[in-house]
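To start, the structure under review is shown below, and the notes come after it.
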Amino acid sequence: MAEEKQESSQGEMEGVNCLAYDEAIIAQQDRIQQEIATSNPLVSDRQALTVLQNEYAQDDSIYQLKIKDLHKKYSYIRKTRPDGNCFYRAFGFSHLESLLEDSKELQRFKAVASKSKLDLVNEGFTEFTIEDFHNTFMDLIELCEKQPGLKELLGSFNDQNVSDYVVVYLRLLTSGYLQREHGFFQHFIEGGRSVKEFCQQEVEPMSKESDHIHIIALAQALDVSILVEYMDRGEGGTVNHHVFPEGSIPRIFLLYRPGHYDILYK
Amino acid sequence: MENKYNLKSPAVKRLMKEAAELRDPTEHYHAQPLEDNLFEWHFSVRGPPDSDFDGGVYHGRIVLPPEYPMKPPSIILLTPNGRFEVGKKICLSISGHHPETWQPSWSIRTALIAIIGFMPTKGEGAIGSLDYTPEERRSLAKKSQDFCCEACESSMRTALLPPSPDREPPQDHEAQELAQQISFKADSRQASESGGATSDPPTPSPGESSSPGDRDSSEDPLEDQAEGSSLAPPPPAERSEGPGRPLSPRQRRAHQAHQRRETPPPLPHPDAARRTLAGAGPRGRSQAGTAVLILVLTLALAALIFRRLYLAQEYKFDYEL
């Protein structure tokens, strides 16, 4: 509301010198993005779940009740930068982190990941444009094989180049799976778009946020079960969760608050 | 060139690959980096057959951002063609003006094919677009073959392989598909910009009506223009850019606010679009106001000049008498 008022007062300026105005907006936007970037690492350290309590007012009974409920099941949280890529980054980090202590799953996952590029190429993705992303992803899996400290993995995920390339590859895997199973997913796409259009507009471009459909596709593409706890303003005092794909045993636990995903730990 | 760049930089790695991939001209396109700058390329594309651009070969620059391929390339035409302004960054969803729809798995080749596919579509007042008549375009197509680029020393007559006799472009389908995707974006942008009183936002495909990252356009528009004009013959009489532009800051601001809040995934953009449309009214009025003001001032000025002339003549008459 306040924003709308502000807009109408600025409305008159626009006609006068919109070019200078454009630049001001762009500069402001860069500042906002930088602010987000400096105050939020791409992937944070693990923190006690109690940090959540301080994020909401003490008398915000809906959230405080739900946080209490969350405490029954989880003890820690690891935050991701709210840049629209948080689901992929949270998933990528959380799963690779779990592989540090599970060499059996690591081998299975490595095989699936290494084959995945060929699947994408067979679907029509251009090999030389996707191979850099794939290589970065495989490098990280191989890094996990060497059993490095958690710090090293965290460092890689906070290197913007590496981290973004992993996000791109996970987006490609999601897009590839949606398109492969387009007969099924077509029913869930709104706005009369084809699955391919949906992928080009909502999946492959960076910073496009993720919804159920993205999560289910990525979970199935890599055969990794994901549990998402949904915490919003809904009444009831408890946090609802959903497992993707339904009925599987979850490996990854994510916390969803409107527009954002973080990682949860038991 | 290999020694000059940090091979660990993802952009350098990728651009090296693309340079190798595009080394040999095809009959439809060719692009290579300048000798001294891997981040600036020159390209030539053949005008699509069965269009007003048939027989034309068009030359231009591609400027790659340091974040490439995470950010899109900018495309600047250097040959007058009647579809895109010369020396100006082109407003395709694939290039710099709509970075949010760029996909990192696209490449310079994708951009070239998109340009070819996009040429026959209507400009409709989009930034950097021209709507010349078919005759003008055909005559420019003929002339385009005479163009020689001083910077990359390529001549349009020899830049591409001669077209094959069956004239069945292999990537025609791809080009059309890309062009469709892109023109769809142009359309909806148009719709939100002309900003009628409709309360229904155009089919919401989030993100495209707002353009958070016109950032690229601010990068160095002046330098681009200057460089462009030093390389190319002066652009033909430019048509006005159309009324669309002033609304974009509003859209961007709306989008920005959303980004900051990170609202739930399926909702944010239709909302933004609605606000955009709702906000279009006052701007229209203030534009009309400006027009009236300009008219009044012009009239006043004319009156003053007239009076001045009249006085001068009177004075002269007096003098002679």
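Line by line, the protein sequences are chains Y and D. Everything in the first sequence is counted per the numbering used here, starting at 2 for the first residue and increasing by one. Everything in the second sequence is counted per the numbering used here, starting at -15 for the first residue and increasing by one. Cβ atoms here follow ideal geometry from the backbone N, Cα and C, with glycine treated the same way.
Close-in-space but distant-in-sequence residues of the same chain around residue i (CB under 8 Å, 5 per side omitted)
i, result
"Ser157 (chain Y)", "Leu141, Leu144, Val163, Ser164"
"Leu293 (chain D)", "none"
"Ile217 (chain Y)", "Phe245, Pro246"
"Tyr266 (chain Y)", "Arg47, Tyr75, Ser76, Tyr77, Ile78, Arg79, Phe254"
"Gln202 (chain Y)", "Arg194, Lys209"
"Leu285 (chain D)", "none"
"Val196 (chain Y)", "Leu179, Gln180, His183, Phe186, Gln187, Ile190"
"Met207 (chain Y)", "Gly85, Asn86, Asp165, Val168, Val169, Arg172"
Reference residue i; option with closest CA among the options
i, options, result
"Tyr52 (chain D)", "D:Trp86, D:Gly71, D:Tyr116", "D:Trp86"
"Glu182 (chain Y)", "Y:Gly192, Y:Cys200, Y:Val168", "Y:Cys200"
"Lys55 (chain D)", "D:Arg(-2), D:Gly273, D:Asp38, D:Phe68", "D:Arg(-2)"
"Ala4 (chain D)", "Y:His242, Y:Phe129, Y:Asp133", "Y:Phe129"
"Lys209 (chain Y)", "Y:Val44, Y:Val169, Y:Arg109", "Y:Val169"
"Asn(-10) (chain D)", "D:His43, D:Pro50, D:Pro9", "D:Pro50"
"Ser31 (chain D)", "D:Ser89, D:Pro88, D:Lys126", "The identity of residue 31 (chain D) in the sequence shown is Gly, whereas the question assumes Ser. Cα-wise, what sits closest to Gly31 (chain D) is D:Lys126."
"Val225 (chain Y)", "Y:Phe110, Y:Ser62, Y:Asn55", "Y:Phe110"
"Glu191 (chain Y)", "Y:Gly237, Y:Gly85, Y:Ile214, Y:Ile63", "Y:Ile214"
"Glu134 (chain D)", "D:His43, D:Gly273, D:Ser(-7)", "D:His43"
"Glu19 (chain D)", "D:Lys(-12), D:Lys(-8), D:Lys1, D:Pro33", "D:Lys(-12)"
"Pro9 (chain D)", "D:Phe290, D:Ser139, D:Ile289", "D:Ser139"
"Leu1 (chain Y)", "Y:Ala49, Y:Ser115, Y:Thr81, Y:Glu56", "There is simply no residue 1 (chain Y) to check, as chain Y begins at 2 and stops at 267 in what is shown."
"Ala15 (chain D)", "D:Ile74, D:Ile99, D:Pro(-6), D:Leu281", "D:Ile99"
"Val44 (chain Y)", "Y:Pro149, Y:Met139, Y:Gln161", "Y:Gln161"
"Pro17 (chain D)", "D:Met0, D:Ile278, D:Pro33", "D:Met0"
"Phe134 (chain Y)", "D:Pro(-6), D:Met103, D:Thr142, D:Leu277", "D:Pro(-6)"
"Arg7 (chain D)", "D:Gln271, D:Lys(-8), D:Arg93, D:Glu120", "D:Arg93"
"Lys152 (chain Y)", "Y:Ser62, Y:Glu98, Y:Tyr57, Y:Asp60", "Y:Glu98"
"Thr137 (chain Y)", "D:Glu2, D:Gly39, D:Gly273, D:Lys(-8)", "D:Lys(-8)"
"Glu102 (chain Y)", "Y:Gln148, Y:Gly93, Y:Gly248, Y:Tyr57", "Y:Gln148"
"Pro64 (chain D)", "D:Val280, D:Glu2, D:Glu120", "D:Glu120"
C-beta atoms of residue i and residue j nearer than 8 Å
i, j, result
"Ser113 (chain D)", "Val41 (chain D)", "no"
"Ile253 (chain Y)", "Ser117 (chain Y)", "no"
"Asn159 (chain Y)", "Pro259 (chain Y)", "no"
"Glu146 (chain Y)", "Leu107 (chain Y)", "yes"
"Gly66 (chain D)", "Leu124 (chain D)", "yes"
"Lys67 (chain Y)", "Val240 (chain Y)", "yes"
"Leu22 (chain D)", "Val(-4) (chain D)", "yes"
"Asp212 (chain Y)", "Ala91 (chain Y)", "no"
"Leu53 (chain Y)", "Ile37 (chain Y)", "no"
"Glu124 (chain Y)", "Gln180 (chain Y)", "yes"
"Glu236 (chain Y)", "Tyr257 (chain Y)", "no"
"Glu205 (chain Y)", "Ser91 (chain D)", "no"
"Arg234 (chain Y)", "Ile63 (chain Y)", "yes"
Beta-carbon separation (whole angstroms), residue i vs residue j, contact threshold 8 Å
i, j, result
"Cys132 (chain D)", "His26 (chain D)", "Contact flag wrong, Cβ pair sits at about 12 Å."
"Leu71 (chain Y)", "Met232 (chain Y)", "7 Å"
"Ala112 (chain Y)", "Gly177 (chain Y)", "Contact flag wrong, Cβ pair sits at about 17 Å."
"Ile97 (chain D)", "Ile74 (chain D)", "Not confirmed; about 14 Å, so no contact."
"Leu155 (chain Y)", "Tyr89 (chain Y)", "Between Tyr89 (chain Y) and Leu155 (chain Y) the Cβ distance is about 16 Å, and since that is not below 8 Å, they are no contact."
Cβ-based neighbour list, residue i, same chain, cut-off 7 Å, excluding 5 preceding and 5 following
i, result
"Leu295 (chain D)", "none"
"Pro146 (chain D)", "Glu11"
"Arg122 (chain D)", "Asp36"
"Leu121 (chain Y)", "Ile131, Leu173, Gly177"
"Gln34 (chain Y)", "none"
Other residues of its chain near residue i: CB distance less than 6 Å, five sequence neighbours each side excluded
i, result
"Thr39 (chain Y)", "none"
"His261 (chain Y)", "Pro83, Cys87"
"Gly107 (chain D)", "Ser113, Leu114, Asp115"
"Leu283 (chain D)", "none"
"Arg141 (chain D)", "Gln129"
"Arg32 (chain Y)", "none"
"Leu228 (chain Y)", "His242, Val244, Pro251, Phe254"
Residue-level contact to chain A via CB, residue i, 8 Å cutoff
i, result
"Lys72 (chain D)", "Note that chain A does not occur in the displayed structure, where the protein chains are Y and D."
Q) Any residues in the segment 165 to 180 of chain Y with a beta carbon nearer than 8 Å to a beta carbon of chain D? Which ones, in chain order? A) Taking 8 Å as the Cβ-Cβ cut-off, the segment 165 to 180 of chain Y approaches chain D at Asp165, Tyr166, Val169, Leu173, given in chain order.
Q: Could you please tell me which residues of the segment 117 to 131 of chain Y, in chain order, have their CB closer than 8 Å to any CB of chain D?
A: Listed in sequence order: Phe126, Thr127, Phe129, Thr130, Ile131.
Q. What residues in the segment 0 to 19 of chain D bring their beta carbon closer than 8 Å to a beta carbon of chain Y?
A. For the segment 0 to 19 of chain D, which is checked against every Cβ of chain Y, the residues closer than 8 Å are Lys1, Glu2, Glu5.
Q) If contact means a Cβ-Cβ distance below 8 Å, which residues of the segment 190 to 210 of chain Y contact chain D? A) Taking 8 Å as the Cβ-Cβ cut-off against chain D, the residues of the segment 190 to 210 of chain Y that qualify are Glu191, Gly192, Gly193, Arg194, Glu198, Gln201, Gln202, Glu203, Glu205, Pro206, Met207, Ser208, Lys209, Glu210.
(Q) Beta carbons nearer than 7 Å to chain D: which residues of the segment 144 to 164 of chain Y have them? (A) So the list reads Asn162, given in the order they occur along the chain.
Q. Residues in the segment 132 to 143 of chain Y with C-beta within 9 Å of chain D's C-beta atoms, listed in sequence order?
A. Near chain D, meaning a CB-to-CB distance below 9 Å, the residues of the segment 132 to 143 of chain Y are Glu132, Asp133, Phe134, Thr137.
Q. Which residues, in chain order, does the segment 90 to 122 of chain D contribute to contact with chain Y at a C-beta distance below 9 Å?
A. Under the 9 Å Cβ criterion, the segment 90 to 122 of chain D contributes Trp90, Ser91, Arg93, Thr94.
Q: Taking only beta carbons into account, state which residues of the segment 45 to 70 of chain D come closer than 7 Å to chain Y, listed in chain order.
A: Taking 7 Å as the Cβ-Cβ cut-off against chain Y, the residues of the segment 45 to 70 of chain D that qualify are Met54.
Q: Residues of the segment 281 to 300 of chain D with a CB closer than 8 Å to any CB of chain Y: list them in chain order, please.
A: Flagged: no residues at all.
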